[in-house]
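The opening position of the sequence shown corresponds to residue 395 in this note's numbering, with each subsequent residue numbered one higher.
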Amino acid sequence: MSEHWPIFLTDGELQLRPLRIRDRRRWLHVRSENKDWLSDWEATLPKVPGEKNSSQLPSFSEMVRWHRREGRNGRSYSLAIWQINEQGRNLIGQITMGGVSYGAMRGAHIGYWIDRAYANRGFTTQAVNMLTRFGFEELALHRIEINIRPENAPSIKVAEKAGYIFEGLRPRYLHIDGKWRDHHCYVKENFQVI
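Right, here's the structure in full:
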């Protein structure tokens, strides 16, 4: 069990916290409004011969339960991105630090999505910085990666603004939008971990 779950990270008007079952309506609404905006960049499940329903995505409730279990076990930290101000609380995206490994590797990877209405306003970079700090300061990770399709210029800009350095190409790295897609790997290292 992870001592770091659940986590709540706040910086100015941005809050990162685990999704709850009661967030379903807001999450589904934001995802529906952004379906076309996100479809080119969304991970998909490949069809695996012999596996029944291998390409079927989980329901919202199944996703929340899976994220909770992974967070409690310290393997993945998936958080909703909320903007909180005088007008209220807006769900504007989601960010995940997954593939957390300890031992000699001490690494993870970050993935994210943002509501189109909140893009290009610095929120995604701020969320990446918040989760990166958590990974380095709380989990004592050495290395965090962000893997991005080469065509996704706005996401590359986020990684670079957050201080991630281009490391190289990963051919056919992730199943995105129905096919195995090449990705550029951006890396940030924590030199405090010796």
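For each residue, glycine too, the CB sits at the ideal point set by N, CA and C.
Local conformation of residue i per DSSP, three classes
{"i": "E464", "result": "helix"}
{"i": "K551", "result": "helix"}
{"i": "R429", "result": "The identity of residue 429 in the sequence shown is Lys, whereas the question assumes Arg. In this structure, K429 counts as helix in the three-state DSSP scheme."}
{"i": "M512", "result": "Before going on, a small fix: residue 512 reads as Tyr here, not Met. Of the three classes helix, strand and coil, the one that applies to Y512 here is helix, per DSSP."}
{"i": "W476", "result": "strand"}
{"i": "E397", "result": "coil"}
{"i": "S453", "result": "coil"}
{"i": "R416", "result": "helix"}
{"i": "L408", "result": "strand"}
{"i": "R537", "result": "strand"}
Exposed unless 16 or more other CB atoms sit within 10 angstroms - verdict on residue i
{"i": "K573", "result": "exposed"}
{"i": "D509", "result": "buried"}
{"i": "A553", "result": "buried"}
{"i": "H423", "result": "exposed"}
{"i": "M491", "result": "buried"}
{"i": "L533", "result": "buried"}
{"i": "T404", "result": "exposed"}
{"i": "S455", "result": "exposed"}
{"i": "V458", "result": "buried"}
Beta-carbon proximity check, residue i vs residue j, cutoff 8 Å
{"i": "G465", "j": "P400", "result": "yes"}
{"i": "I540", "j": "Y558", "result": "yes"}
{"i": "G529", "j": "A498", "result": "no"}
{"i": "S411", "j": "F402", "result": "Sequence inspection shows Arg at residue 411; the Ser mentioned does not correspond to that position. A contact, by the Cβ cut-off of 8 Å."}
{"i": "I475", "j": "A521", "result": "yes"}
{"i": "L451", "j": "R500", "result": "no"}
{"i": "L485", "j": "W421", "result": "yes"}
Residue span of the beta strand (DSSP E) that contains residue i, given as start and end
{"i": "H503", "result": "G501 to I508"}
{"i": "I401", "result": "Taken as a continuous stretch (DSSP letters only), I401 belongs to no beta strand (DSSP E), as it is neither H nor E."}
{"i": "D576", "result": "K573 to E583"}
{"i": "F560", "result": "I559 to I570"}
{"i": "L439", "result": "That residue, L439, is in no beta strand (DSSP E); it is neither H nor E in DSSP."}
{"i": "G444", "result": "No beta strand (DSSP E) contains G444, which DSSP labels as neither H nor E."}
{"i": "S495", "result": "G482 to S495"}
Residue span of the alpha helix (DSSP H) that contains residue i, given as start and end
{"i": "Q520", "result": "F517 to R527"}
Closer than 8 Å to chain B by CB, residue i
{"i": "A556", "result": "No chain B appears in this structure, which consists of one protein chain only."}
Would you check if the segment 481-496 and the segment 517-527 touch, i.e. whether three or more CB-CB distances between them fall below 8 Å?
With the cut-off at 8 Å, the segment 517-527 and the segment 481-496 touch.
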